[in-house]
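Working notes, structure below.
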Amino acid sequence: MHPPEAEGVIKFTLSYTASDAGLDCPDFDALNHSRSLLWQWGVLGQDAARYGGLGYGNVSVRTVTHEVQGAFVITGTQTGHLPILTAQHYAQVLACDVQHHWLQAVGARKPSSEAMTHAAIYQCVPMANAIIHGHHPQLWQQAQALGLTCTAADIPYGTPQMAQAMQAVLRDTQPALNTVVMLGHEDGFITWGENLAEAVALVRQLLQDAAHI
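Using full-length UniProt numbering, you'd call the opening residue of the sequence shown number 1 and step up by one each time.
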């Protein structure tokens, strides 16, 4: 398992352009509302007693920007401590090459360190238009009892290896509840849906199921 102090570190080649021009994201209000709700549930946030005190969790929504297919907007790195975000706390991912460990983004902040894993899912699952990466100890510990698909314990978060493992899982299986638990990323899971409302509802169901075990 990766050491806590590695949390939040970008582990791929990032081609990043800082810009305050704003986001091309028609669903931004819904995205930001969903993020605030997940923060209230503790699925993402920041806790001095967990993960070396660094922020955790992120959320994204697929967009089409300047005719770029597969683009998406994602929460910026280390914004977990903030209960409410603005557009200045997000980044727009324009391109990603999982095999060559490269990602291109623009925005007022660099994208989350899990951006490549989000990109891997968007590339493999055409119906996925929203992705939530959260942390929940009970859900993570009960992954097997909940019948959830898992990535191997020796694959750390935020790495090209995680993105590649995610794509391998998606090629071979149809994960229950559109969810994969990251055994190499303490308490980490990732969920996707056709839209933000569906993804948030799936997370709510997962938390309820974990609480009843």
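Even for Gly, the Cβ is constructed at its ideal location relative to N, Cα and C.
Within this structure, are the beta carbons of residue i and residue j separated by less than 9 Å?
i, j, result
"ALA201", "VAL59", "no"
"LEU44", "GLY80", "yes"
"SER113", "ILE213", "no"
"GLY55", "GLN78", "yes"
"LEU177", "VAL61", "no"
"GLN74", "PRO111", "The amino acid at residue 74 is misidentified as Gln; the sequence shows Ile. Yes, the pair counts as a contact, with Cβ atoms nearer than the cut-off."
"GLY193", "ALA120", "no"
"VAL98", "ALA163", "yes"
Using the DSSP secondary-structure output, state which residues sit across from residue i in a beta bridge.
i, result
"GLY42", "DSSP output for GLY42 lists no bridge partner at all."
"LEU14", "LEU103"
Excluding five sequence neighbours on each side, which residues of the same chain lie with their C-beta closer than 7 Å to the C-beta of residue i?
i, result
"PHE12", "HIS101, TRP102, LEU103, MET116 and PRO160"
"ALA71", "THR63, VAL64, THR65, GLN92, VAL93 and LEU94"
"ASP154", "GLY184"
"GLY22", "ALA87"
"TRP39", "GLY45 and PRO83"
"THR151", "MET162, ALA165, MET166, VAL169, VAL180, MET182, LEU183 and GLY184"
With a threshold of 8 Å on Cβ separation, who are the neighbours of residue i within its own chain once the five nearest residues in sequence on each side are excluded?
i, result
"THR173", "THR149"
"HIS136", "GLY42, VAL43, ASP187, PHE189, LEU206, LEU207 and ALA210"
"SER19", "VAL106, GLY107 and ALA108"
"HIS89", "THR75, GLY76, THR79, LEU82, ALA108 and ARG109"
Quick one: what's got a C-beta closer than 6 Å to residue i's C-beta in the same chain, skipping five residues either side?
i, result
"PRO175", "THR149"
"THR17", "VAL106"
Hey, which unbroken runs of the beta strand (DSSP E) at 3 residues or more fall wholly within the region 47–123?
With a minimum length of 3 residues, the continuous beta strand (DSSP E) runs that stay inside the region 47–123 are 58–65, 68–75, 90–97 and 102–107.
Taking one C-beta from the region 31–48 and one from the region 118–126 each time, how about it: are there three or more such pairs within less than 8 Å?
These segments do not touch.
Would you list, in sequence order, the uninterrupted beta strand (DSSP E) runs of no fewer than 3 residues that lie entirely inside the region 124–204?
Assignment of beta strand (DSSP E) within the region 124–204, counting only whole runs of 3 or more residues, yields 130–135, 149–151, 179–182 and 188–193 in chain order.
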